[in-house]
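Engineer: Dropping the structure in here first, questions after.
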Amino acid sequence: KYYALPNAVETINKLYDSGVKIVFLSRRPASKAWVGTLTTFLKANGVKYDKLILGCNNKAQYCKQNNIDYHIDDLIYNCINVQSVGVTAINYQQKPILKNQVLCKKFNIKNVQKWDEVLDIVSQMTIKQENNVCEENQSQTSPKITSVILKSFEDNLGKLKQDDFSLGDCFNEENVSIL
C-alpha cells in the first residue's frame with residue numbers, strides 16, 4: 051500500500067547521519083494498526099529516525115510548542131498554518147499544482163518537487179544560521195523539521211551540523227507518541 055517517495059529515504063538518512071533528529075508527524079490515527087504499519091514501513095525501507103508522532107491534528111501548534119524550525123508537507127494548508135507560527139514551511143509536490151504554487155508564492159513557502167531540493171534548502175539555511183551565530187559569537191540552536199516521506203496510493207500520489215529534523219517515526223513502539 052505504501053511506497054517511499056523518490057530520494058526521500060536517502061535525503062532523510064543523510065540528514066540523520068549529519069546529526070539531524072528525525073521526527074515524523076502524522077495526522078493518521080494513533081492506533082496500534084497504524085503504529086505497526088508505519089514502523090514496519092520505515093524499518094523495511096531503512097529510514098533512520100528518532101520519533102513517530104501520530105494523531106496530531108494541529109501540526110502548527112506541535113511545531114511551535116516543540117521549537118520546530120522546518121516543516122515539510124504535501125498539503126498546502128498545513129504549510130500555511132505552520133508558516134503562520136514562524137516555522138519555515140516546505141511544500142512537497144511530485145507534480146506541480148498551480149494553486150499550490152500560487153499559495154506558496156503568496157505565503158513565502160518553499161515549493162519543491164524533489165527531495166534533493168529539500169536537502170539543498172535545509173543545508174543553505176543551516177549554513178546561514180551558522181554564519182549568523184558565528185558573527186554574534188553565540189551557541190547555535192539546531193533547526194528541527196517535520197515531514198512526509200510516504201504516500202498512500204489513494205492519495206495520488208552542503209554540510210550540516212547537528213540539527214533536529216522533526217519528521218517523526220521510530221523503529222520501536224517505545225518512541226511512538228500519541229497526541
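So in this note's numbering, spot 66 of the sequence shown is number 116, and the numbers just go up one at a time.
We put the CB at the ideal spot given by N, CA and C, even for glycine.
These numbers were taken from a predicted model, which means no experiment stands behind them.
1) Can you grab the Cα-Cα spacing for the pair C113 / T89, in whole Å?
2) When the Cα atoms are used, what is the spatial distance from N95 to D123?
3) Would a C-beta distance cut-off of 8 Å place P146 and Q163 closer than the cut-off?
4) Could you give the DSSP three-state label for D205: helix, strand or coil?
5) Closest to V172 by C-alpha separation, out of F91, A83 and H121, would be which residue?
6) Assuming N158 contacts Q143 under a Cβ cut-off of 8 Å, what Cβ separation, rounded to an integer in Å, is found between them?
7) Go through the stretch 97 to 179 residue by residue and report every complete run of the alpha helix (DSSP H) that reaches 4 residues or more, in order.
8) Beta strand (DSSP E) containing A54: first to last residue?
9) What does the alpha-carbon distance come out to for the pair V97 and F91?
10) Work out the CA separation of V168 and I140 for me, nearest whole Å.
11) With DSSP as the reference, identify every bridge partner of F91, one or two as the case may be.
Structural biologist: With the given structure in hand:
1) 22 Å
2) 20 Å
3) yes
4) At D205, the pLDDT of 34 sits below 50, so the modelled position is not reliable; the number obtained from the coordinates is stated separately. D205: helix per DSSP, three-state reduction.
5) H121
6) Contact doesn't hold; Cβ gap of about 17 Å is too wide.
7) 109 to 115, 126 to 133 and 148 to 157
8) Y52 to A54
9) 9 Å
10) 8 Å
11) DSSP output for F91 lists no bridge partner at all.
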